[in-house]
Every structure is written in structure tokens, then in C-alpha cells.
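Q: Starting off with a structure, shown below.
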Amino acid sequence: MNKFIGYLLFIATFAGVIFLTGYSEFFIDRFSLLLIFGMVFGVMFLSYGIHAFSAFKYISRPVTSQKEFFLAVSFFDHLSNTAIIAGILGTLLSQLAMLSNVTTTAEIYPATGASLVSFLYGYLVAKLIFEPLKQNVIRNAKIGNINGLIQLHIDQNNSLPNTFVLMGFAAIVGNFVILISSY
Numbered sequence: 051m052n053k054f055i056g057y058l059l060f061i062a063t064f065a066g067v068i069f070l071t072g073y074s075e076f077f078i079d080r081f082s083l084l085l086i087f088g089m090v091f092g093v094m095f096l097s098y099g100i101h102a103f104s105a106f107k108y109i110s111r112p113v114t115s116q117k118e119f120f121l122a123v124s125f126f127d128h129l130s131n132t133a134i135i136a137g138i139l140g141t142l143l144s145q146l147a148m149l150s151n152v153t154t155t156a157e158i159y160p161a162t163g164a165s166l167v168s169f170l171y172g173y174l175v176a177k178l179i180f181e182p183l184k185q186n187v188i189r190n191a192k193i194g195n196i197n198g199l200i201q202l203h204i205d206q207n208n209s210l211p212n213t214f215v216l217m218g219f220a221a222i223v224g225n226f227v228i229l230i231s232s233y
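Numbering (my numbering), first residue to last: 51 to 233.
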């Protein structure tokens with residue numbers, strides 16, 4: 051029940067901010083949604099094949115073995131990382147398309163804002179869908195001793211997307227510096 055209230059509160063707040071600012075058309079991008087979910091589900095099936103949905107059963111059911119625990123946690127961790135990386139790739143693709151079609155610097159500002167929507171979607175999908183699912187699996191685990199190597203692997207697996215997020219922010223700051231210096 052608390053998760054439902056949390057999701058409802060987030061969605062209402064986010065939707066309210068989007069529609070109150072009057073820029074709702076910039077936040078709704080079908081290309082970005084298709085890219086994020088297409089890449090996440092594509093990587094899910096490439097990585098796990100026909101067993102892709104078997105980890106979802108551990109969201110509400112307790113995990114009893116270390117093998118199942120590692121499989122379920124790494125599955126949701128992998129999908130979370132994929133969503134973040136897909137968002138960054140979408141932003142880079144959008145910026146490449148934008149820079150190849152822009153003729154004046156006045157057109158760059160709205161196009162740069164629109165190119166960041168993919169990054170926003172990827173980050174939201176990772177942190178609001180897959181991370182809570184991973185935390186459910188961890189919270190519901192009925193394992194006496196969780197191997198320290200498993201936790202170390204999970205922590206190392208999270209360092210790559212965090213690096214990509216920092217690189218994405220650096221690219222965005224670089225774009226704005228270039229834009230400001232062009233005036």
C-alpha cells in the first residue's frame with residue numbers, strides 16, 4: 051500500500067509540474083519512450099532468453115537460495131543499468147540529429163531541451179521501476195547468509211551507469227558552455 055501511495059504521489063506531482071509549466075509537449079516524446087523500453091526489453095531477451103520473466107516471480111515471493119537471489123537481483127540491476135544507458139544513448143542520438151539540422155543558434159535552445167527527455171525517461175524508468183523491484187527482492191530474501199561477493203558484484207555493477215550519468219551531465223554542461231560562448 052505504501053508503494054502505491056508513493057507512486058501515486060510521484061505521478062501526480064510530476065504530471066502537475068509538467069502541465070502547470072505549460073510545456074507538456076516537450077516532456078511527452080514517443081521516440082524516447084520507444085527507445086527506452088525497446089532497448090530495455092531487447093537487452094532483457096538477449097541476456098536472459100526465454101527465462102527473462104522468471105525473475106519477476108521473486109518480487110512478491112521470498113527468495114530461498116543464493117542462486118535465485120543473485121539471479122533476481124542481478125536481473126533487475128541489469129535492467130536498471132540498461133534503462134540509464136538507453137536514456138543517455140537517446141540523448142546523444144537526439145543531440146546528433148539536432149546539431150546536424152540546426153542552422154541558427156536560436157534553434158539550439160529548444161532542441162537541446164527536447165534532446166534531454168530520453169535521459170529523463172531512462173533515469174525515471176531505472177529508479178522508479180527497476181530499482182524498487184530489486185529492493186523488493188532484497189527485502190523479501192529468506193537467506194541466512196548473503197555472500198559478500200554477491201554484494202560486491204552488485205555494487206561494482208552499479209558503478210558503470212553512475213559513470214555514464216556523470217558523463218551525460220558533463221556533455222550537457224559542455225553543450226551549454228558552447229551555446230553560451232557562441233553569443
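Note that CB positions come from ideal geometry on N, CA and C, so glycine has one too. Just so you know, these numbers come straight off a predicted model, no measurement behind them.
With three or more beta-carbon pairs closer than 8 Å as the criterion, would you say the segment 90 to 101 touches the segment 59 to 67?
A: no
Q: Mind reading off the beta-carbon distance from G172 to G224? Whole number of angstroms is fine, and I expect it under 8 Å.
A: Contact flag wrong, Cβ pair sits at about 19 Å.
Q: Would you kindly work out how many angstroms separate the C-alpha atoms of F125 and T162, rounded to a whole number?
A: Approximately 33 Å between the Cα atoms of the pair.
Q: Kindly confirm or deny that the segment 111 to 123 and the segment 131 to 147 touch, where touching means at least three C-beta pairs closer than 8 Å.
A: no
Q: Going by other Cβ atoms of all chains shown within 10 Å of its Cβ, with 16 needed for buried, is T141 buried or exposed?
A: buried
Q: State buried or exposed for L166, treating a residue as buried only when at least 16 other CB atoms are found within 10 Å of its CB.
A: buried
Q: Go ahead and label G56 buried or exposed: buried means 16 or more other beta carbons lie within 10 angstroms of its beta carbon, across all protein chains shown.
A: exposed
Q: Taking C-beta to C-beta, are I109 and N52 nearer than 7 Å?
A: no
Q: Given a cut-off of 7 Å, decide if F180 and L149 are closer than it, judged by their beta-carbon atoms.
A: F180 sits away from L149, with the two beta carbons spaced by 7 Å or more.
Q: Quick check: the Cα distance between L85 and R189, rounded to an integer number of angstroms?
A: 31 Å
Q: Going by other Cβ atoms of all chains shown within 10 Å of its Cβ, with 16 needed for buried, is I158 buried or exposed?
A: buried
Q: Quick check on the burial criterion: 16 or more other C-beta atoms within 10 angstroms. Buried or exposed for S168?
A: Taking all protein chains in view, the Cβ of S168 is crowded by 16 or more other Cβ atoms within 10 Å, so the residue is classified as buried.
Q: Please classify G218 as buried or exposed, where buried requires at least 16 other C-beta atoms within 10 Å of its C-beta.
A: buried
Q: I think A156 touches F76, with their Cβ atoms under 8 Å apart; what is that distance to the nearest whole Å?
A: Incorrect: roughly 17 Å between the Cβ atoms, too far for contact.
Q: Which stretch, first to last residue, makes up the alpha helix (DSSP H) that contains N186?
A: E181 to R189
Q: Which runs of the alpha helix (DSSP H) at least 4 residues long sit entirely within the segment 104 to 176? Give them in chain order.
A: 116 to 151, 158 to 165 and 167 to 175
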